[in-house]
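Residue numbers (mature numbering (1 follows the signal peptide of the UniProt record, and there is no 0)): 4 to 310.
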Ligand code: AHR
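Spelled out as structure tokens, the structure:
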């Protein structure tokens with residue numbers, strides 16, 4: 004108990020309803036849409052009142068939303084930081100107002116870990132490593148150079164930074180792997196397509212595309228087909244997420260390998276929020292459970308995928 008007795012009504016039955024303010028990144032990808040749905044549905048199921056805002060991939064909008072949640076004296080603030088840096092001031096404001104913060108999906112680089120209670124989300128470095136490992140295994144019998152292009156996620160975001168570094172850690176063991184071009188496609192289909200078109204124009208020989216999410220990979224497939232090449236054959240494609248559309252492209256042979264990133268973290272988030280509001284201690288870090296998919300595996304699991 005002992006939580007601040009401030010605003011919020013309660014249902015009249017005596018039990019006060021928890022109010023959560025959630026500052027979402029945006030609606031940039033199929034992954035994000037599934038993540039938002041999971042959070043909204045789980046809040047309802049958990050009996051938590053959800054105030055939700057969409058920052059359209061802009062940090063300033065997220066900071067505004069968090070400040071407004073502080074003003075409204077919500078019980079708990081959860082957010083998925085669009086980029087890693089620049090959060091200390093607003094997080095200190097939340098701390099001064101005694102409102103606990105739960106990081107969801109993406110991390111912040113704040114040195115002061117007392118600014119948030121816990122961080123629930125994937126291990127993005129591990130995801131990058133899994134992508135790199137698949138590549139190493141695929142080309143283990145060949146000595147020829149492998150020309151790789153990379154579509155990075157939103158510049159400065161944890162998944163872009165970490166997937167890039169995890170991938171590089173693994174492929175750098177063999178100099179035949181060469182990242183010949185790497186640029187942000189901002190996690191969207193449209194930008195993935197645009198950047199891939201530019202890559203294709205300036206690089207005559209591309210063997211592999213590593214796209215930091217399915218959406219950019221799907222946009223790139225359109226660019227590759229537009230250039231008269233066959234995705235999945237002429238250019239091998241690795242992506243992250245395993246959304247429905249990504250898994251369909253994998254089953255169709257247009258993508259070769261997908262590293263799963265699970266967006267369905269709503270139930271775990273509501274659970275952590277209740278504990279934090281009740282003053283219980285929670286682990287500093289909760290990592291979501293994830294796997295990888297080959298083309299054969301995608302065909303098998305596609306009918307039962309939830310996002
Ligand atoms: O933070 C998770 C990443 O954000 C997902 O991989 C991507 O699709 C989303 O936009």
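Glycine included, C-beta positions come from ideal geometry on N, C-alpha and C.
Residue i vs residue j beta-carbon contact at 8 Å
i, j, result
"residue 276", "residue 93", "no"
"residue 2", "residue 82", "This structure leaves residue 2 out entirely; the chain is present only between 4 and 310."
"residue 45", "residue 286", "no"
"residue 194", "residue 222", "yes"
"residue 127", "residue 70", "no"
"residue 90", "residue 241", "no"
"residue 244", "residue 217", "yes"
"residue 139", "residue 173", "yes"
"residue 219", "residue 188", "yes"
"residue 336", "residue 265", "Nothing can be reported for residue 336: it is not among the residues displayed for the chain, which extend from 4 to 310."
"residue 181", "residue 148", "yes"
"residue 79", "residue 280", "yes"
"residue 98", "residue 118", "yes"
"residue 284", "residue 32", "no"
"residue 212", "residue 183", "no"
"residue 23", "residue 51", "yes"
"residue 161", "residue 120", "no"
Residue nearest to residue i in terms of C-alpha spacing, selected from the options
i, options, result
"residue 86", "96, 59, 97", "59"
"residue 297", "252, 159, 50", "252"
"residue 200", "301, 290, 153", "153"
"residue 130", "42, 235, 169", "169"
"residue 155", "67, 180, 215", "215"
"residue 84", "302, 280, 230, 29", "29"
"residue 233", "162, 179, 210, 243", "210"
"residue 21", "43, 49, 235", "49"
"residue 235", "141, 175, 176", "141"
"residue 179", "202, 185, 150", "150"
"residue 159", "62, 32, 261, 283", "62"
"residue 289", "65, 268, 113, 73", "268"
"residue 299", "36, 281, 261", "261"
"residue 295", "144, 41, 108, 246", "246"
"residue 309", "257, 205, 41, 203", "41"
"residue 185", "205, 176, 177", "205"
"residue 301", "34, 73, 109, 257", "257"
"residue 39", "107, 67, 203", "107"
"residue 57", "73, 34, 27", "27"
"residue 124", "303, 35, 291, 307", "291"
Beta bridge counterpart(s) of residue i as assigned by DSSP
i, result
"residue 73", "Residue 73 is not bridged to any residue."
"residue 214", "154"
"residue 57", "27"
"residue 263", "244"
"residue 288", "122"
"residue 186", "154"
"residue 296", "261"
"residue 52", "22"
"residue 81", "25, 105"
"residue 139", "Beta-bridge pairing links residue 139 to no other residue."
"residue 180", "149"
Let me know the beta strand (DSSP E) ranges lying completely inside the segment 218-249, each 3 residues or longer, listed in chain order.
As far as the segment 218-249 is concerned, its whole beta strand (DSSP E) runs of at least 3 residues are 239-244.
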